[in-house]
Amino acid sequence: MLRSRRLSPFLTFSSLANNVVPSLSVGPCPCGLIVRHLRVRHCSSPPLPQASSVSPSPSVLVTPARDVGDSRTHTAKHSHPAASPARMSIEDCRGFGEVKALFQELRLDIPIMHHDEKATVEEVLVLLQEKLSITATGTKTLFLKSKKGELVMATALKSTPTELKFIQAATNTKDLRFASNDVLQESLAVVQGCVTPFALINNLEKRNITLLLDSSLESSTKPLAFCLCRNDYTAVITLAQLKQFLDKIGYAYTLVDFGAAPADAAVTCGAAVPAAKAKKAPADAAAPKAKKAPADAAAPAPAQSGETKLGISVKREENFSAWYIDVITKAEMIEYYDVSGCYIIRPWAFYVWKCVQWFLGGKIEKLGVEDCYFPMFVSRSCLEREKDHIEGFAPEVAWVTRAGDAELEQPVAVRPTSETVMYPYYAKWIRSHRDLPVRLNMWNNVIRWEFSHPTPFIRTREFLWQEGHCAWAKAEDCAKEVLDILECYASVYEQLLAVPVVRGRKTEKEKFAGGYYTTTVETFIEAVGRGCQGATSHNLGQNFGKMFDIRFQDPENNEQTLIPWQNSWGLSTRVIGVMVMVHGDNRGMVMPPRVASTQVIIIPVGITKDTTEEARQELLASCRRLESELCEGGVRAKCDLRDNYSPGWRFNHWEVKGVPLRVELGPRELAEQSLAIAVRHSGAKRSLAWDAGTPAAVAALLEDVQAEMYARAKATMERHRVRVTEWAEFVPTLNRKCVILAPWCGAMECEDRVKKDSAEESKAAQAQETREDARAPSMGAKTLCIPFSQPEPAEGHTCICKSCTKPATTWVLFGRSY
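Reminder that position 383 of the sequence shown reads as 383 in the UniProt record's numbering, one-by-one numbering, no gaps.
Structure representation (structure tokens):
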């Protein structure tokens, strides 16, 4: 079954230089092909046997992708007999920088892992599990040429059979053979072992390759591993992201079911070759043994010399997306799940959400809001009750269409939000003004399925949140509650998470679909210069009351009914991601004390081989006593007494997790009755007397840490919020990773134009080498909010849009955003 798709053209990118490749050994293959194996300089595998002794056994390697390092080489290669005197090496492969830049342009948050040279798919998959905690599926790519010179690229799961006869039938070609190195280099500008669909970035002028994609890629429950034009960088993507890439470069592809083909192909980092039968070696031949693949691909690979499995391997300032994933996985905050966009929230992160529930739940209960629960399913008739609202969520809605083998007579949606779930029942419950106000809150999960580039906590298909829905008789009461709730949300960020926010109102373009107006708290991520919407509180006006026929009897006129004023408001587990992005550093997570499940970690030190068992037990008992004293004093303390890890390893473990205070307790501290304390957020070292006042002193120190973390984040945000009144300063300021407070006339077309012009000028301002850096800014600036706190009247300024000459009516916060 074939499904063809023709795509729009796209501009080519620049190229890199060429060089020389190492020596070759040649061996025959049962199908008549000559198989060449490249022995690459840095490869640590045993040398491959010569053709005169033993035919090469098939080696397996995956096409590797989230950036965790720099570049090198390695793999086994295949080609036709034709050889050229000077060949490319992996260092000369083109396209890696262009592909990364294109991911950035498409806003695809794709994990890219750098690794040393590996011999098998399994080894790369193990590294993905070990370094990024990602369980991925290996892939293979065949690059073929017919006698007539037609070129075919076929990409499939590693486990999928790929029979040449089937590929010939699918492409209407004959006599397909594996293309030679020369053809490969001329067509794709990469060496063998580096062929994947991403190498098509180097074929945009010729466009002479027929691309087949295995339909089983679509049904894979795990993300796919591909190399990015070099076999020492592995990307972890979904088929949807691969299609998005191909759409962007305008390369046609065909989905093919390879399922019936026999599984007789060996795989080498993106190229498959039929397995050769081994010739019997002479008795005295010293043929090296083939390298055995790991028995369990999920088991951790052995650490290389000088490598640490625990520490953060990516610098925050160099690759923020990869750093973020590294932190939340190694700090044991999330685990990847086998459904894209869905994640397991581990206890270390879930405790933060529990703190939010306790803190925010207490505040809204004091306001008089009650908790409830409504079902997660919503009928089509309810969801489509209001055109503007459903259009705002239509691409995100997940539908249940069948149960078992039977199609549902009426499909039901999984709620993206609960207005349409709850309001039919508000119409049932509200009859009189005495039934008002109705003030309900729900802690639940929702599903929004529209996107293909999720970011854990920040943008996920399923997330936890609370949503409040209230109905009032009077407009002023409804409007007051909107702001009361917004202030509760600001308190969650500022008082609990030590994250500063800007309170404001969304523009008409950015407001909640179907609402009257939307208020928001906006956060700022300094490392990437982006804003991030923290939480929203919407005044729905009477719009939803009209939709769902919610009416109550007018207390002053029994013959007349009135429509209540409604609001809705929500805050989600995004708060955890924002907290990580704002406070984390190159050593890992930095937890604000108020949401840290462990505020103080106690580690015994100074135990040596000369320490007596009695002294050792006394030290461990003292650690337990200190833990008990701190816990009784209201401090969340814990001992780490594991003796199978060194103190240094334990220091690093808890530092990555971001525990606010570390107490090092050794023989000297016991003798002096003092505590040596390391402060995580600042790196400072403190000493405290160990006495009856210690719990109170530690609690006070934790409050100081909380205040210092907020003050530092606040100062950072203020430095990067810049007032601009001239367009000439707008894009340069934006590219310095700032958000911009600018005058605006209020017209939606100016809002759109600012976003379009800033995106175009950002790209034009970048040198080619900057574009190849995935961290280079390229997005335009959108309106984040109209801040409640305005610096001065804006009427004396002209609208910031360069095409507009109207006087400004307000100051607006512009910026790139998540």
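For every residue, glycine included, the Cβ atom is placed at its ideal position computed from N, Cα and C.
(1) Rounded to whole angstroms, what's the CA-CA distance from E613 to A101? Just pull it up for me.
(2) Look at S687 and A696 and say whether their C-beta atoms are less than 8 Å apart.
(3) Quick test of the definition: if touching needs 3 or more C-beta pairs under 8 Å, does the region 477 to 484 touch the region 700 to 720?
(4) Skipping 5 residues on each side, what residues in its chain have a beta carbon closer than 6 Å to that of P787?
(5) Excluding the five sequence neighbours on either side, which residues of its own chain have a C-beta within less than 6 Å of the C-beta of S44, listed in chain order?
(6) Here's the rule I'm using: 16 or more other beta-carbon atoms within 10 Å means buried, otherwise exposed. How should residue 843 be labelled?
(7) Please work out which residues of its chain come closer than 7 Å, Cβ to Cβ, to L128, disregarding the five sequence neighbours upstream and downstream, and give them in chain order.
(8) Look up W353 in the DSSP assignment and give the residues it is bridged to.
(9) Tell me whether P604 is buried or exposed, calling it buried when 16 or more other Cβ atoms sit within 10 Å of its Cβ.
(10) At which residue ranges does the region 507 to 569 contain complete beta strand (DSSP E) runs of 3 or more residues, listed in the order of the chain?
(11) Can you give me the Cβ contacts of V521 inside the same chain, cut-off strictly under 6 Å, excluding the 5 residues immediately before and after it?
(12) Kindly indicate which residue of K248, H115 and I201 has the alpha-carbon position closest to the one of L106.
(13) Can you tell me whether W348 is buried or exposed, with buried defined as 16 or more other CB within 10 angstroms of its CB?
(14) Please classify I447: does DSSP put it in a helix, a strand, or coil?
(15) Give the straight-line distance between the Cα atoms of Y324 and D757, rounded to the nearest whole angstrom.
(16) So for K685, helix, strand or coil by DSSP?
(17) Report the three-state DSSP secondary structure of G252 (helix, strand or coil).
(18) By alpha-carbon positions, which one of I447, P161, L784 and M591 ends up nearest to L213?
(19) Taking the alpha-carbon positions, what's the V600 to E729 distance?
(20) Nearest CA to the CA of A475: which residue from Q566, K506, F457 and R723?
(21) What are the complete beta strand (DSSP E) segments, minimum 3 residues, inside the region 710 to 756?
(22) For N109, count neighbouring Cβ atoms within 10 angstroms of its own Cβ and tell me buried if that reaches 16, exposed if not.
(23) Tell me, which residues are paired with Y343 by DSSP?
(24) Can you tell me which residues form a DSSP beta bridge with residue 847?
(25) D182 lies in the alpha helix (DSSP H); which residues open and close that run?
(26) On the criterion of 16 or more Cβ atoms from any shown chain inside 10 Å, does G352 qualify as buried, or is it exposed?
(27) Between the alpha carbons of F552 and L486, how many angstroms are there, rounded?
(28) So H469 is in the beta strand (DSSP E); what residue range does that whole segment cover?
(29) Give the secondary structure of P807 by DSSP, where H, G and I count as helix, E and B as strand, and everything else as coil.
(30) So is N558 buried or exposed if we call it buried at 16+ other beta carbons inside 10 Å?
(31) Could you check what DSSP says for F814 in three-state terms: helix, strand or coil?
(32) Give the range of the alpha helix (DSSP H) segment to which A676 is assigned.
(33) Once you ignore the five residues that flank E772 on each side, which residues in its own chain have a CB closer than 6 Å to its CB?
(34) Output needed for L630: all residues of its chain with C-beta closer than 7 Å, excluding positions within five of it in sequence on either side, in chain order.
(35) Okay, do the region 141 to 158 and the region 353 to 363 touch, 3+ Cβ pairs below 8 Å being the bar?
(36) Can you list, in chain order, the residues of its chain whose CB lies under 7 Å from that of P555, leaving out five sequence neighbours each side?
For this structure:
(1) Here residue 613 is taken as the residue at index 613 of the sequence shown, counted from 1. Here residue 101 is taken as the residue at index 101 of the sequence shown, counted from 1. It is roughly 59 Å from the alpha-carbon of E613 to the alpha-carbon of A101.
(2) Numbered from 1 along the sequence shown, position 687 holds the residue referred to as residue 687. Numbered from 1 along the sequence shown, position 696 holds the residue referred to as residue 696. The Cβ atoms of S687 and A696 lie no closer than 8 Å to each other.
(3) Remark: fewer than three beta-carbon pairs, one from each stretch, lie closer than 8 Å, so the region 477 to 484 and the region 700 to 720 are not flagged as touching.
(4) Residue numbering aside, residue 787 sits at position 787 when the sequence shown is read from its first letter. The answer, listed in chain order, is V502, G504 and L813.
(5) For the purposes of this step, residue 44 is identified with residue 44 of the sequence shown, where counting begins at 1. Annotation note: pLDDT 32 at S44 (below 50); position unreliable, no value reported.
(6) Outside the displayed range of the chain (1 to 818) lies residue 843, so it cannot be described from this structure.
(7) Walking along the sequence shown from the start, residue 128 turns up at place 128. The answer, listed in chain order, is M113, I134, A136, A225, T234 and V236.
(8) Against the sequence shown, residue 353 aligns to sequence position 353. DSSP, once it has assigned bridges, lists no residue as partnering W353.
(9) For the purposes of this step, residue 604 is taken as residue 604 along the sequence shown, with counting starting at 1. Counting Cβ neighbours within 10 Å, P604 comes out buried, since at least 16 surround it.
(10) Segments of the beta strand (DSSP E) lying fully in the region 507 to 569: 517 to 525, 530 to 541, 552 to 554 and 557 to 562.
(11) Your numbering for residue 521 matches position 521 in the sequence shown. Short of 6 Å from the beta carbon of V521, and not among the five residues preceding or following it, lie these beta carbons of its own chain, in chain order: Y489, A490, V501, R503, G534 and A535.
(12) Translated into the one-based positions of the sequence shown, residue 106 becomes position 106. Ranking the options by Cα distance to L106, first place goes to K248.
(13) If you number the sequence shown from 1, residue 348 lands on position 348. Under a 10 Å Cβ-count criterion, W348 is classified as buried, with 16 or more other Cβ atoms of the shown protein chains found around its own Cβ.
(14) In the sequence shown, residue 447 corresponds to position 447, counting from 1. Strand.
(15) Within the sequence shown, the letter at position 324 stands for residue 324. Within the sequence shown, the letter at position 757 stands for residue 757. Each residue's Cα considered, the two are about 30 Å apart.
(16) The residue labelled residue 685 in the question sits at position 685 within the sequence shown. The answer is strand: DSSP assigns K685 an E or B state.
(17) Along the sequence shown, one-based indexing puts residue 252 at 252. For the sequence presented, residue 252 should be read as Ala rather than Gly. Note: A252 maps to coil in three-state DSSP.
(18) By one-based count along the sequence shown, residue 213 stands at place 213. When only C-alpha atoms are compared, the closest one is P161.
(19) Residue mapping note: residue 600 aligns to position 600 of the sequence shown, counting from 1. Residue mapping note: residue 729 aligns to position 729 of the sequence shown, counting from 1. Cα to Cα, V600 sits roughly 47 Å from E729.
(20) The residue given as residue 475 occupies position 475 in the sequence shown. Of Q566, K506, F457 and R723, the residue nearest in Cα terms is Q566.
(21) With a minimum length of 3 residues, the continuous beta strand (DSSP E) runs that stay inside the region 710 to 756 are 721 to 723 and 739 to 744.
(22) Your numbering for residue 109 matches position 109 in the sequence shown. Here residue 109 turns out to be Asp, not Asn, going by the sequence shown. By the 10 Å Cβ count, D109 comes out buried.
(23) Counting from 1 along the sequence shown, the entry for residue 343 is found at position 343. In the DSSP secondary-structure assignment, Y343 is bridged to Y336.
(24) There is simply no residue 847 to check, as the chain begins at 1 and stops at 818 in what is shown.
(25) Counting from one through the sequence shown, the residue named residue 182 turns up at place 182. Per DSSP, D182 belongs to the alpha helix (DSSP H) from N181 to L188.
(26) Along the sequence shown, read from residue 1 onward, the residue named residue 352 stands at position 352. A small fix is needed here, since residue 352 is Val in this sequence, not Gly. By the 16-neighbour rule on beta-carbons within 10 angstroms, V352 is buried.
(27) Taking the sequence shown and counting its residues from 1, one reaches residue 552 at position 552. Taking the sequence shown and counting its residues from 1, one reaches residue 486 at position 486. Rounded to the nearest angstrom, the two C-alpha atoms are 27 Å apart.
(28) In the sequence shown, the residue the question calls residue 469 occupies position 469. Counted as a single uninterrupted DSSP element, the beta strand (DSSP E) harbouring H469 occupies residues E462 to W472.
(29) Reading the sequence shown from its first residue, position 807 is the one you call residue 807. Assignment of P807 by DSSP, reduced to helix, strand and coil, places it in the strand class.
(30) Locating residue 558 in the sequence shown gives position 558, where the first residue counts as 1. By the 10 Å Cβ count, N558 comes out exposed.
(31) Against the sequence shown, residue 814 aligns to sequence position 814. In this structure, F814 counts as strand in the three-state DSSP scheme.
(32) Here residue 676 corresponds to residue number 676 of the sequence shown, with the count starting at 1. Unbroken run through A676 is the beta strand (DSSP E), S674 to V679; no alpha helix (DSSP H).
(33) By one-based count along the sequence shown, residue 772 stands at place 772. No answer about E772 holds up, because its pLDDT of 40 lies below 50 and its placement is not dependable.
(34) Here the question's residue 630 lines up with position 630 in the sequence shown. Cβ within range, chain order: V600, A637, P695 and V698.
(35) Two segments are said to touch when three or more pairs of C-beta atoms, one from each, lie closer than 8 Å; by this definition the region 141 to 158 does not touch the region 353 to 363.
(36) Taking the first residue of the sequence shown as 1, we reach residue 555 at position 555. Closer than 7 Å at the Cβ level, and outside the excluded window around P555, lie H433.
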